[in-house]
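Q: Residue numbers (my numbering), protein chains in the order written: chain E, 1297 to 1513; chain A, 1297 to 1513; chain X, 1297 to 1513; chain Y, 1297 to 1513.
A virtual CB, placed ideally from N, CA and C, is assigned to each residue, including glycine.
Protein chains: 4
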Amino acid sequence: MKNNNILQLLMQYTKEGTQFTDKKQRIVLAAIELFAKKGYANTATSEIAKEAGVAEGTIFRHFGTKENLLLAILIPFIKHSLPQMADAIFEEVLAEKPKTIEEFVRALATERFMFFKENRDLFRIFIKEMIYHDELKNELISHISEHALSRIEQIIQDFQEKGEVIDIPAKILSRNIFTTLLGFFLSRFVLMSDNVFLDDQREIDYIVQIIVNGIKQ
Amino acid sequence: MKNNNILQLLMQYTKEGTQFTDKKQRIVLAAIELFAKKGYANTATSEIAKEAGVAEGTIFRHFGTKENLLLAILIPFIKHSLPQMADAIFEEVLAEKPKTIEEFVRALATERFMFFKENRDLFRIFIKEMIYHDELKNELISHISEHALSRIEQIIQDFQEKGEVIDIPAKILSRNIFTTLLGFFLSRFVLMSDNVFLDDQREIDYIVQIIVNGIKQ
Amino acid sequence: MKNNNILQLLMQYTKEGTQFTDKKQRIVLAAIELFAKKGYANTATSEIAKEAGVAEGTIFRHFGTKENLLLAILIPFIKHSLPQMADAIFEEVLAEKPKTIEEFVRALATERFMFFKENRDLFRIFIKEMIYHDELKNELISHISEHALSRIEQIIQDFQEKGEVIDIPAKILSRNIFTTLLGFFLSRFVLMSDNVFLDDQREIDYIVQIIVNGIKQ
Amino acid sequence: MKNNNILQLLMQYTKEGTQFTDKKQRIVLAAIELFAKKGYANTATSEIAKEAGVAEGTIFRHFGTKENLLLAILIPFIKHSLPQMADAIFEEVLAEKPKTIEEFVRALATERFMFFKENRDLFRIFIKEMIYHDELKNELISHISEHALSRIEQIIQDFQEKGEVIDIPAKILSRNIFTTLLGFFLSRFVLMSDNVFLDDQREIDYIVQIIVNGIKQ
DNA sequence: CATGAATGAGCGTTCATTCAT
DNA sequence: CATGAATGAACGCTCATTCAT
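1) Report the rounded CA-to-CA distance for Lys1375 of chain A versus Leu1432 of chain A, giving the unit in angstroms.
2) Is the stretch 1342-1354 of chain E touching the stretch 1316-1326 of chain E, taking contact as three or more C-beta pairs under 8 Å?
3) Just checking my contact of Leu1390 of chain E with His1443 of chain E at CB under 8 Å: how many whole Å lie between their CB atoms?
4) Look at the alpha carbon of Asp1417 of chain E and the alpha carbon of Ile1423 of chain Y, and state the distance between them as a whole number of angstroms.
5) What is the C-beta distance between Val1504 of chain X and Ala1405 of chain X, in whole angstroms, given that I count them as a contact (C-beta under 8 Å)?
6) Anyone know if the C-beta pair for Lys1511 of chain E and Ile1397 of chain A falls short of 8 Å?
7) Output needed for Glu1407 of chain Y: all residues of its chain with C-beta closer than 7 Å, excluding positions within five of it in sequence on either side, in chain order.
8) For Val1461 of chain X, which residues does DSSP report across the bridge?
9) Determine whether the beta carbon atoms of Arg1420 of chain E and Ile1427 of chain A lie at a separation below 8 Å.
10) Give, in chain order, every residue of the stretch 1476-1488 of chain A whose Cβ lies closer than 9 Å to some Cβ of chain E.
11) Can you confirm whether Ala1326 of chain E, when its beta carbon is compared against all beta carbons of chain A, has any partner nearer than 8 Å?
12) Counting only Cβ pairs nearer than 8 Å, list the residues of chain Y close to Arg1402 of chain X.
13) Could you tell me the boundaries of the alpha helix (DSSP H) in which Ser1483 of chain E lies?
14) Beta-carbon of Gly1510 of chain E versus every beta-carbon of chain A: anything under 8 Å?
15) Select from the stretch 1408-1428 of chain Y all residues with a C-beta closer than 9 Å to any C-beta belonging to chain X, and list them in chain order.
16) Once you ignore the five residues that flank Gln1513 of chain A on each side, which residues in its own chain have a CB closer than 7 Å to its CB?
17) Report the rounded CA-to-CA distance for Thr1361 of chain Y versus Ala1368 of chain Y, giving the unit in angstroms.
18) Mind listing the chain X neighbours of Asn1364 of chain Y? Cutoff is C-beta to C-beta under 8 Å, in chain order.
19) Can you say whether Arg1357 of chain A is buried or exposed, counting buried as having 16 or more other CB atoms within 10 angstroms of its CB?
20) Give the residues of chain A in contact with Ile1464 of chain E, contact being defined as C-beta atoms less than 9 Å apart.
21) Among E:Asp1495, E:Gly1479, E:Thr1476 and E:Ile1440, which has the Cα closest to the Cα of Asp1383 of chain E?
22) In terms of residues, what are the limits of the alpha helix (DSSP H) holding Leu1487 of chain X?
23) Could you confirm whether any beta carbon from chain X is found closer than 8 Å to the beta carbon of Ile1385 of chain Y?
24) To the nearest angstrom, report how far apart Pro1372 of chain Y and Met1381 of chain Y are at their CA atoms.
25) Examine chain X for any beta-carbon lying closer than 8 Å to the beta-carbon of Ile1452 of chain Y, and answer yes or no.
26) Ignore the nearest five residues each way along the sequence and tell me which others in Lys1393 of chain Y's own chain have a CB closer than 8 Å to its CB.
27) Comparing C-alpha positions only, which one of E:Leu1469, E:Arg1484 and E:Leu1478 sits nearest to Asn1509 of chain A?
28) Does DSSP put Val1324 of chain A in a helix, in a strand, or in coil?
29) Apart from the five residues just before and just after Arg1402 of chain A, which ones in its own chain have a Cβ nearer than 6 Å to its Cβ?
30) Going by Cα to Cα distance, which pick from A:Thr1354, A:Ser1446 and A:Asn1364 is closest to Tyr1336 of chain A?
31) Just to confirm, is the Cβ distance from Ser1483 of chain X to Leu1330 of chain Y under 8 Å?
32) Tell me the rounded alpha-carbon separation between Glu1343 of chain Y and Glu1449 of chain X.
33) Give the DSSP-derived three-state secondary structure of Asp1318 of chain E in the structure shown.
34) Within the 8 Å Cβ cut-off, does Met1297 of chain Y reach chain X?
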């Protein structure tokens, strides 16, 4: 779980294949912060420039349009970081060779919890902009299906064969695990205020328990 | 389950306590439709006026500002409709005197599924605008806590006393049921495309099964 | 020759079929003045607004875009005023039943001289914007061909039949008369400074003499 | 008629009296091409730089401002190339010792036709930019008067003395010849589309015939 | 000399809001 | 109450110009 911060991944994948320049990085960071805080539509490019300490024109020199700046944040994440992350997640989650379904769900929930905690800003941008941005929505959903759901499904099947998990189609179960976790993270990191919640570890414990009880044989 | 449509409820509760005039109603209906379709920020008041068949000035005569129009849609819903709805929900859910926790969860999930299905537009506005609108967020959360979570908690406790539900604090359980359902509805009605899903009844069946298995003794 | 001023004609032909409002008129007049003086590209909409004594937004309320404002000046002129003018020109020119080719050319040259003198601003806008605006160019040329050249050709043929005009195809002659006059007007009203020229009457006398000698039998 | 291309002349005359460097030449050539195609105002210096294969800064190192670049194209042409051209024109036109006014006009028309055909781009820049650029306009007109009109006038006088040309003041006749030719070239190379025209030779024949008939005794 | 990233004034355009009718 | 023309602040964006390298 060493590198959970997307921005570092983000920096590695640009059209040019080169590192972002200093100013470009500062623009991206300022944009993420402001988009997350106030939303894309309510953030003026002049504010981003001010926050980043560059001239407004510099934003357009690097990204062409404001929308491109948004996409320059989101698309590489979807296209490159997300699959790579999916690999990393399952590598890490499976590294400890979870023997029970509970160990697996706990590892997954913990890993994702930490991830969303660390990248709450980006997560918020995603959720907000996706709602009316079908292109992004479909792109993201197809990537999730391909890279995450299919793996969870496989793992569930393994546990089903061992008789540890109830006999509902693995496709359904995996989607419900995914949905349940997503709902939890949405409540936790997007919708609700922090003060509603207990400490992290107990939160994770409960959601794991709920999920696992829900699917255990 | 006779009156699931919020708009009719919405019309009955205004600050002034009077009925909305015809034009005011048309403005609210047009605004809801457009806010839901394109988002608050991307909807011009001129569009709302056109869609409602009134002059742009009329909107401002009635609501003062565009934001007030949004709040005039959301606040009464939260303040009046939501509690009333909560009453109605539990009245209805409990009307059939659910004998088991499963019957209760199924009744609740079904009722809310139908509700969100019918009011998807308003649901979307809520989610989207709440993300960066802390006032709304807190208002909504406190109402939910007060009117929904506390009742679920009470019911859970009853079932715990009967030994049907596991011995996790009822507060936690109820919040997890709530979160799980909300996550499901967010996926189902806000984030995902329709075509990802099975038919309604099977969707409900599975989410109920997951939740119930998760908390059954 | 009572109504040589295009703007009055311009005012009569709008999409709505109504008279321009006062502000709309002032915008059009200011735009013509500034476009003519400084060119379309070098005139800011803020300047037009200032000159017209309206808010900048008012321009866009009425015309949508800056280019539409240009076209709202030029297109009605081409589509409506120009054909109508062509009618008027030949009506007037032929009203005095010119017995000789010289009388005809003189009447035509005089009428057009006065016209361009009075509408020099609009003439300049036309010439300047047409140079790189093929749509306008083609529109104008086709209207001129249809409404002006064909009539001149007819009249030339009549004089050829009377043996007054040399036996070059009437099509060629008419285009050369047209071109010669146009060249004269371009030099006179667009390119050259006023001080290069003699008094109007002598200018007209000479150009007529040149043209007539050029085509007389 | 060996060297009709202005650009080569252009390259030889700069303020500094030195040869243009390679990069400077490439900038000028690119600018001429783009100014002619899209107009001065619609051509970005970045485009010129790209087309010329130099950095944008290089343009400003050489020319200081964009307007200076335009003037660096037009002024030397007016100051140096135009008089030199005038010499060359009349040298060439008179080389064949035109015995009749028709031979003279034909030689002049042919020479200029070929010239404008070959330098249509530059011609367009001139016309377009001159319209609102009084400095340029006056500069050009005074040079034309001095170097071209005065010579034509002289030649016309000669033919008048031989009784070949009508007895209108030579000043007027020469300006009318000039104007008629200019009008023809404007129509031919700036305003009209190519497809309106016949083949070059017949075009020339007719314009010559018109002019000559117009002034022949 | 040459570069090109950076600049920021100025542009066309949008739109919530006002107000005379 | 209702209207819709008018407003002007604020926006995204362009581009001639500068300057450190």
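A: Taking the definition as stated:
1) Taking the second sequence and counting its residues from 1, one reaches residue 1375 of chain A at position 79. Taking the second sequence and counting its residues from 1, one reaches residue 1432 of chain A at position 136. Leu1432 of chain A has its alpha-carbon roughly 11 Å from the corresponding atom of Lys1375 of chain A.
2) By the C-beta criterion, the stretch 1342-1354 of chain E is judged to be in contact with the stretch 1316-1326 of chain E, since at least 3 inter-stretch pairs fall below 8 Å.
3) The residue you call residue 1390 of chain E lines up with position 94 of the first sequence. The residue you call residue 1443 of chain E lines up with position 147 of the first sequence. With a Cβ gap of about 15 Å, Leu1390 of chain E and His1443 of chain E do not count as contacting.
4) In the first sequence, residue 1417 of chain E corresponds to position 121, counting from 1. In the fourth sequence, residue 1423 of chain Y corresponds to position 127, counting from 1. So the two alpha carbons sit approximately 57 Å from each other.
5) By 1-based counting over the third sequence, the position of residue 1504 of chain X is 208. By 1-based counting over the third sequence, the position of residue 1405 of chain X is 109. Contact annotation, Val1504 of chain X with Ala1405 of chain X: C-beta distance approximately 5 Å; criterion of less than 8 Å satisfied.
6) On the first sequence, residue 1511 of chain E is found 215 positions in, with the first residue counted as 1. On the second sequence, residue 1397 of chain A is found 101 positions in, with the first residue counted as 1. Here residue 1511 of chain E is Ile; the residue named in the question, Lys, does not match the sequence. In this structure, Ile1511 of chain E sits away from Ile1397 of chain A, with a CB-CB distance that is not shorter than 8 Å.
7) Taking the first residue of the fourth sequence as position 1, residue 1407 of chain Y is located at position 111. Excluding five sequence positions before and after Glu1407 of chain Y, the CB atoms of its chain that fall closer than 7 Å to its own CB belong to Met1297, Ile1385, Glu1388 and Val1389, given in chain order.
8) Taking the third sequence and counting its residues from 1, one reaches residue 1461 of chain X at position 165. DSSP output for Val1461 of chain X lists X:Lys1512 as bridge partner(s).
9) The residue you call residue 1420 of chain E lines up with position 124 of the first sequence. The residue you call residue 1427 of chain A lines up with position 131 of the second sequence. In this structure, Arg1420 of chain E lies near Ile1427 of chain A, with their beta-carbon atoms less than 8 Å apart.
10) Residues of the stretch 1476-1488 of chain A whose Cβ lies closer than 9 Å to any Cβ of chain E, in chain order: Thr1476, Leu1477, Leu1478, Gly1479, Phe1480, Phe1481, Leu1482, Ser1483, Arg1484, Val1486, Leu1487 and Met1488.
11) Residue 1326 of chain E sits at position 30 when you count from the first residue of the first sequence. Not an interface residue.
12) As a first step, residue 1402 of chain X must be located in the third sequence, where it is residue number 106. Chain Y residues near Arg1402 of chain X: none, gap ~14 Å exceeds 8 Å.
13) Indexing the first sequence from 1 puts residue 1483 of chain E at position 187. No alpha helix (DSSP H) holds Ser1483 of chain E; DSSP gives it neither H nor E.
14) Looking up residue 1510 of chain E in the first sequence gives position 214. Closer than 8 Å to some Cβ of chain A, the Cβ of Gly1510 of chain E qualifies, so yes.
15) Answer set for the stretch 1408-1428 of chain Y: Arg1420, Ile1423, Lys1424, Met1426, Ile1427 and Tyr1428.
16) Your numbering for residue 1513 of chain A matches position 217 in the second sequence. Within the same chain, Gly1459, Glu1460, Val1461 and Ile1462 come within 7 Å of Gln1513 of chain A by CB-CB distance, once the 5 residues on both sides are set aside.
17) Within the fourth sequence, numbered from 1, the residue matching residue 1361 of chain Y stands at position 65. Within the fourth sequence, numbered from 1, the residue matching residue 1368 of chain Y stands at position 72. Looking at the two C-alpha atoms, the distance is approximately 10 Å.
18) Indexing the fourth sequence from 1 puts residue 1364 of chain Y at position 68. Under the 8 Å cutoff, chain X gives no residues; its nearest Cβ is about 17 Å from Asn1364 of chain Y.
19) Numbered from its first residue, the second sequence carries residue 1357 of chain A at position 61. Here Arg1357 of chain A is exposed: its Cβ has fewer than 16 other Cβ atoms, across all protein chains shown, within 10 Å.
20) For the purposes of this step, residue 1464 of chain E is taken as the residue at position 168 of the first sequence. For Ile1464 of chain E, the neighbours in chain A by C-beta distance under 9 Å run, in chain order, Tyr1502, Gln1505 and Ile1506.
21) As a working mapping, residue 1383 of chain E is identified with position 87 in the first sequence. Closest option to Asp1383 of chain E, Cα to Cα, is E:Ile1440.
22) As a working note, residue 1487 of chain X is residue 191 in the third sequence. Segment: none, Leu1487 of chain X is in no alpha helix (DSSP H) and carries neither H nor E.
23) Here residue 1385 of chain Y corresponds to residue number 89 of the fourth sequence, with the count starting at 1. Output row for Ile1385 of chain Y: interface = no.
24) To locate residue 1372 of chain Y, count along the fourth sequence from 1; it is residue 76. To locate residue 1381 of chain Y, count along the fourth sequence from 1; it is residue 85. Roughly 12 Å separates the two Cα atoms.
25) Indexing the fourth sequence from 1 puts residue 1452 of chain Y at position 156. It does not; no Cβ of chain X falls within 8 Å.
26) The residue you call residue 1393 of chain Y lines up with position 97 of the fourth sequence. Residues of the same chain with their beta carbon placed closer than 8 Å to that of Lys1393 of chain Y are lacking, with the five preceding and five following residues left out of the count.
27) In the second sequence, the residue the question calls residue 1509 of chain A occupies position 213. If we check each option's Cα against that of Asn1509 of chain A, E:Leu1469 comes out closest.
28) Taking the second sequence and counting its residues from 1, the one referred to as residue 1324 of chain A is at position 28. Of the three classes helix, strand and coil, the one that applies to Val1324 of chain A here is helix, per DSSP.
29) For the purposes of this step, residue 1402 of chain A is identified with residue 106 of the second sequence, where counting begins at 1. The answer, listed in chain order, is Val1504.
30) Start at 1 with the first residue of the second sequence, and residue 1336 of chain A comes out as number 40. Of all alpha-carbon atoms in A:Thr1354, A:Ser1446 and A:Asn1364, the one lying nearest the alpha-carbon of Tyr1336 of chain A is that of A:Asn1364.
31) Here residue 1483 of chain X is taken as the residue at index 187 of the third sequence, counted from 1. Here residue 1330 of chain Y is taken as the residue at index 34 of the fourth sequence, counted from 1. No; because the gap between Cβ atoms is not below 8 Å, this pair is not in contact.
32) In the fourth sequence, counting from the first residue as 1, residue 1343 of chain Y sits at position 47. In the third sequence, counting from the first residue as 1, residue 1449 of chain X sits at position 153. Note on geometry: alpha-carbon atoms of Glu1343 of chain Y and Glu1449 of chain X lie some 46 Å from one another.
33) Position 22 of the first sequence, counted from the first residue, corresponds to residue 1318 of chain E. In the structure shown, Asp1318 of chain E sits in a helix (DSSP, three-state: H, G or I).
34) Sequence index remark: in the fourth sequence, residue 1297 of chain Y carries index 1 (1-based). A caution first: Met1297 of chain Y carries a pLDDT of 35, below 50, which makes its placement in the model unreliable, though a value can still be read off. Met1297 of chain Y does not count as touching chain X.
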